[in-house]
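Using this note's numbering, you'd call the opening residue of the sequence shown number 3 and step up by one each time.
What follows is one structure encoded as structure tokens, with my remarks underneath.
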Amino acid sequence: AGGQNWVPERDFGEAGESGAWRIEASPSTARATDYFLNVMQVSDASSNTTPLACTLIETSEIAGTKISNRIAIFAKDADRIEDSFTFTVPGSENNLKLFVAGVKEGVWKVQKNGEPHHQYQVASAEGGVLYFTGSAGSYTLTLEQAPAPYQVN
Numbered sequence: 003a004g005g006q007n008w009v010p011e012r013d014f015g016e017a018g019e020s021g022a023w024r025i026e027a028s029p030s031t032a033r034a035t036d037y038f039l040n041v042m043q044v045s046d047a048s049s050n051t052t053p054l055a056c057t058l059i060e061t062s063e064i065a066g067t068k069i070s071n072r073i074a075i076f077a078k079d080a081d082r083i084e085d086s087f088t089f090t091v092p093g094s095e096n097n098l099k100l101f102v103a104g105v106k107e108g109v110w111k112v113q114k115n116g117e118p119h120h121q122y123q124v125a126s127a128e129g130g131v132l133y134f135t136g137s138a139g140s141y142t143l144t145l146e147q148a149p150a151p152y153q154v155n
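The structure is reproduced here in structure tokens:
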């Protein structure tokens, strides 16, 4: 912090690297609200693996990233999203795994490029998460009334 690497208060032994690596992020311009999205990649210590490219996905309601064939989307506010929202997954890939967190419980209609796509997904009160497969394109998610046979507890 402040350009100084703080040494751990106790010794964690040979395997402990606590205090060896630290990240301090500060916005370049002061604002009332800032968002921080951290993407971490891990590999074997002896690996010369090249880090995967990450692409920011952001709107006024959500922030997330595309990394390989995974898309992780998060609501920006503490309150869960209950209004319809749209985001775009860049690229041309198919068989992507989309994870959308921070949505209100209920049945969500999923459209891609204006057409039904995995038409209904259910978010529980406990999780507030949607998970489905798709391809690159523009997604619109809308909270719907629960049609039979969908039940939300």
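C-beta: ideal position from N, C-alpha, C; glycine also.
These numbers come from a predicted model, not from an experiment.
Item, Value
"Which of the three DSSP states, helix, strand or coil, is assigned to THR51?", "coil"
"Using beta-carbon positions only, say whether THR51 and LEU58 come within less than 8 Å of one another.", "no"
"Any contact of the region 42 to 56 with the region 78 to 94, i.e. 3+ C-beta pairs under 8 Å?", "no"
"To the nearest angstrom, how far is the alpha carbon of THR135 from that of LEU100?", "6 Å"
"Examine the ligand GTP and report whether any of its heavy atoms sits within less than 7 Å of the Cβ of ALA127.", "Summarising the ligand content, the structure contains no ligands, and the ligand GTP is consequently not present."
"To which residues does DSSP link PHE76 through a beta bridge?", "ALA65 and ALA103"
"Could you spell out the range, first to last residue, of the beta strand (DSSP E) harbouring TYR37?", "Unbroken run through TYR37: none, as it is neither H nor E."
"Measure the Cβ-Cβ separation of LYS106 and LEU145 and say whether it is below 8 Å.", "yes"
"By a C-beta neighbour count over all protein chains shown, 10 Å radius and 16 as the cutoff for buried, is GLN123 buried or exposed?", "buried"
"Give the range of the beta strand (DSSP E) segment to which GLY156 is assigned.", "In the structure displayed, the chain extends from 3 to 155; residue 156 sits before or after that span and is not available."
"From the DSSP output, which residues share a beta bridge with THR142?", "THR88 and GLN113"
"Is DSSP giving VAL124 helix, strand or coil here?", "strand"
"Run the CB neighbour count on LEU143, radius 10 Å, all protein chains shown included, and call it buried at 16 or more, exposed below.", "buried"
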